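> I have a structure I would like to understand better, so I am pasting it below and will then ask my questions one at a time.
There are 2 protein chains.
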Amino acid sequence: MTLKKYFPIIVSSPSGAGKNSVCDMVVEKCANVVYSISYTTRPIRTTEEDGVDYHFVSEEKFKKMIDEDRFLEWAQYLGYYYGTSKKMVEEVIADEKYIILAIETKGALKFMKRRPDALSIFIFPPSMKELEKRLRNRNTDSSEIIETRLENARHEIADCVYYDRFVINDNLDRVSKEIINLIEKKSKGLDIYG
Amino acid sequence: MTLKKYFPIIVSSPSGAGKNSVCDMVVEKCANVVYSISYTTRPIRTTEEDGVDYHFVSEEKFKKMIDEDRFLEWAQYLGYYYGTSKKMVEEVIADEKYIILAIETKGALKFMKRRPDALSIFIFPPSMKELEKRLRNRNTDSSEIIETRLENARHEIADCVYYDRFVINDNLDRVSKEIINLIEKKSKGLDIYG
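Protein chains in written order, with the working numbering: chain A, 146 to 339; chain B, 146 to 339.
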């Protein structure tokens with residue numbers, strides 16, 4: 146068996162269950178885990194930096210990249226394209242680092258097919274009530290949008306069975322340590338399932 | 146708000162994820178948590194005791210109990226009936242104890258509708274691979290049955306969203322303590338969702 150020491154890390158969760166916060170903490174704690182930087186056609190926001198938050202490209206450029214099979218996965222949301230570059234993932238791994246992606250389940254499943262060496266983690270909220278509370282506390286969405294997010298969450302949870310490992314985000318510090326522990330285990334070729 | 150100090154506890158998990166072992170340990174650790182004893186029409190095994198493992202009754206008696214609405218939930222498996230007596234649950238609660246049920250999701254959902262005061266907990270395996278390993282290690286089922294159990298597990302997991310709380314059975318001692326902690330919190334009227 147060839148041991149692949151470095152690999153991509155896929156983290157998915159229903160919206161509001163904390164995949165971004167968890168990934169932030171993992172990246173903060175581990176110098177050799179870096180964020181994936183997606184390509185997008187959505188306009189840059191004043192708080193964002195090109196090449197840091199996203200690679201901002203034109204729709205023409207993005208479609209050309211699709212044609213050239215340069216994405217491991219891509220999707221369209223609310224009229225804009227988002228995609229993960231194959232080359233970027235390969236370069237980070239070649240650079241002897243782990244690349245981490247906080248990504249929704251549909252993109253994640255596509256990614257796993259093309260990179261079966263990935264470590265895939267599904268994060269559950271402690272409960273659906275807590276998920277709803279977190280969504281309401283963000284104060285960013287209307288009641289209708291929150292209902293839609295909760296309905297989506299139910300579908301996303303059904304996709305959890307395709308992930309290597311389940312974790313519950315009951316405590317950000319604990320769950321980030323649990324993920325770091327899984328990364329270490331997998332990099333040493335140890336059992337990550339039990 | 147009326148505080149109900151005692152309540153039923155529903156524990157579900159896919160077959161092989163350890164609901165029975167978890168409930169055994171909770172009952173062992175807590176003198177005031179007792180097992181629900183189901184009624185069944187299945188024949189008694191030599192290792193079993195009537196009124197301890199199950200209440201063994203005739204199909205005629207069971208059907209009469211259904212007609213008299215004496216079950217909180219009942220189901221048929223492999224030709225035999227299984228049901229949870231309403232009166233038994235009420236008596237245990239009146240006796241100032243908690244009653245715990247290790248039960249599959251369909252029965253659990255029926256139970257929750259009729260006893261919305263129940264604490265409902267869904268136990269996940271750490272991963273689907275681990276679930277499969279545990280099922281294979283039991284050496285009780287053929288490969289076909291294991292495949293069916295895994296397929297059922299995928300459906301059961303989709304039902305998790307109806308439970309109060311998600312826990313992962315990565316360690317029997319830890320998860321039983323987590324459940325005892327949830328029982329204590331709920332009995333004190335504290336938040337059990339976060």
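Ideal Cβ placement from N, Cα and C applies to all residues, glycine included.
Nothing here was measured: the structure is a model prediction, and the numbers come from that model.
DSSP on F207 of chain B, reduced to helix/strand/coil?
Translated into positions along the second sequence, residue 207 of chain B becomes position 62. Helix at F207 of chain B.
> Note down, in chain order, all residues in the stretch 266-283 of chain A with a beta-carbon under 8 Å from any beta-carbon belonging to chain B.
Going along the stretch 266-283 of chain A in chain order, one finds F269, P270, P271, S272, M273, K274, E275 and K278 with a Cβ nearer than 8 Å to chain B.
> Could you work out which residues of chain D lie near I313 of chain B, taking near to mean beta carbons separated by less than 9 Å?
In summary, chain D is missing from the structure at hand, where the protein chains are A and B.
> Which residues in chain B have a C-beta closer than 8 Å to the C-beta of V172 of chain A? List them in chain order.
By one-based count along the first sequence, residue 172 of chain A stands at place 27. Those within 8 Å of V172 of chain A in chain B number zero; the least Cβ separation is about 23 Å.
> Using alpha carbons as the reference points, say which of B:G161, B:R294, B:L246 and B:W219 lies closest to F152 of chain B.
By one-based count along the second sequence, residue 152 of chain B stands at place 7. Ranking B:G161, B:R294, B:L246 and B:W219 by Cα distance to F152 of chain B puts B:L246 first.
> Identify, in the order they occur along the chain, each residue of the same chain with its Cβ nearer than 6 Å to the Cβ of E249 of chain B, setting aside the five sequence neighbours on each side.
In the second sequence, the residue the question calls residue 249 of chain B occupies position 104. Once the five neighbours on either side are set aside, E249 of chain B has no close Cβ partner at all.
> Could you confirm whether any beta carbon from chain B is found closer than 9 Å to the beta carbon of Y308 of chain A?
In the first sequence, the residue the question calls residue 308 of chain A occupies position 163. Y308 of chain A counts as touching chain B.
> By a C-beta neighbour count over all protein chains shown, 10 Å radius and 16 as the cutoff for buried, is S288 of chain B buried or exposed?
What you label residue 288 of chain B is simply residue 143 of the second sequence in a count that begins at 1. Under this definition S288 of chain B is an exposed residue.
> Listed from N- to C-terminal order along the chain, which residues in the stretch 281-306 of chain A have their beta-carbon within a distance smaller than 8 Å of any beta-carbon of chain B?
The stretch 281-306 of chain A vs chain B, Cβ under 8 Å: A298, R299, I302, A303, C305 and V306.
> Is there at least one non-hydrogen atom of the ligand ADP closer than 8 Å to the beta-carbon of I324 of chain A?
Ligands displayed in this structure: none; no statement on the ligand ADP is therefore possible.
> To the nearest whole angstrom, what separates the beta carbons of F267 of chain A and S158 of chain A, a pair I think is in contact under 8 Å?
Taking the first sequence and counting its residues from 1, the one referred to as residue 267 of chain A is at position 122. Taking the first sequence and counting its residues from 1, the one referred to as residue 158 of chain A is at position 13. With 8 Å as the limit, F267 of chain A and S158 of chain A qualify as a contact, their Cβ atoms being about 7 Å apart.
> Mapping the DSSP letters down to three states, classify R353 of chain A as helix, strand or coil.
Residue 353 of chain A lies beyond the residue range present for chain A, which begins at 146 and ends at 339; the question has no answer from this structure.
> Using the C-alpha atoms, what's the distance from F311 of chain B back to D315 of chain A?
Within the first sequence, numbered from 1, the residue matching residue 315 of chain A stands at position 170. Within the second sequence, numbered from 1, the residue matching residue 311 of chain B stands at position 166. Roughly 10 Å separates the two Cα atoms.
> So, do the stretch 315-328 of chain A and the stretch 295-309 of chain B have three or more beta carbon pairs nearer to each other than 8 Å?
These segments do not touch.
> Mind checking whether G228 of chain B and I244 of chain B have CB atoms under 9 Å apart?
In the second sequence, counting from the first residue as 1, residue 228 of chain B sits at position 83. In the second sequence, counting from the first residue as 1, residue 244 of chain B sits at position 99. Their beta carbons are not under 9 Å apart, which means G228 of chain B does not touch I244 of chain B by this criterion.
> What does the alpha-carbon distance come out to for the pair D169 of chain A and S181 of chain A?
The sequence position of residue 169 of chain A within the first sequence is 24, counting from 1. The sequence position of residue 181 of chain A within the first sequence is 36, counting from 1. If I take the Cα positions, the gap works out to 12 Å.
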